[in-house]
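Reading the sequence shown from the start, the letters are residues -6 to 111 in the numbering used here.
Every residue gets a Cβ at the ideal spot worked out from N, C-alpha and C, and that includes glycine.
Please read these numbers as outputs of a predicted model, since none were measured by experiment.
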Amino acid sequence: MRTLCASTLIGEFFVIGFAGLVAMKGDLSQAVVWTVCGLGMLLSVLLCGMLSRPGAVQIGWALQIGLVLSGFVVPMMFVLGAVFAGLWWCSVHYGRRIDVIKARWAAAQSETPAAAEA
């Protein structure tokens, strides 16, 4: 799960940064755009380092909700936040499935006689 979630967070980092550049071409000030986008980018990177900690998935959900709500300041973030919330759900859901499959495979490999001889 950590690989998929980290990939999503790094993707968020770059897309939010590029969205900030696009948003500055509108009528928003640089300070507003970089406060909203910079905070989202910083939290995305920090959460990558916390994925192995308890509660990281819940903090990730808080980040996704925060990104959606940041659309009140930078309207384009409504769409980006919704897309990334969907990607976060997929990362968590399918990442857990992959973890179960990997655990079963590792258990099956450790039970084989060839693994016991090595």
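inquiry  = Suppose contacts are defined by Cβ-Cβ distances below 8 Å. Is residue 29 in contact with residue 6 by that definition?
reply    = Here residue 29 is not near residue 6, since their CB atoms are 8 Å or more apart.
query = Closest to residue 67 by CA distance: which of 36, 82 and 17 is it?
reply = Residue 17 is the option with its Cα nearest to residue 67.
inquiry  = Once DSSP output is grouped into helix, strand and coil, what is the label at residue 80?
reply    = The answer is helix: DSSP assigns residue 80 an H, G or I state.
ask   = Of the residues 40, 42 and 56, which one's Cα is nearest the Cα of residue 75?
value = Residue 75 has its Cα closest to that of 56, out of 40, 42 and 56.
query = CB-CB under 6 Å to residue 51, same chain, minus the five flanking residues each way: which ones, in chain order?
reply = Closer than 6 Å at the Cβ level, and outside the excluded window around residue 51, lies no residue.
query = Do residue 33 and residue -3 have their C-beta atoms closer together than 8 Å?
reply = Between residue 33 and residue -3, the CB-CB gap reaches or exceeds 8 Å.
request  = Measure the C-alpha to C-alpha separation of residue 13 and residue 90 and round it to an integer number of angstroms.
outcome  = For residue 13 and residue 90, the distance between alpha carbons rounds to 34 Å.
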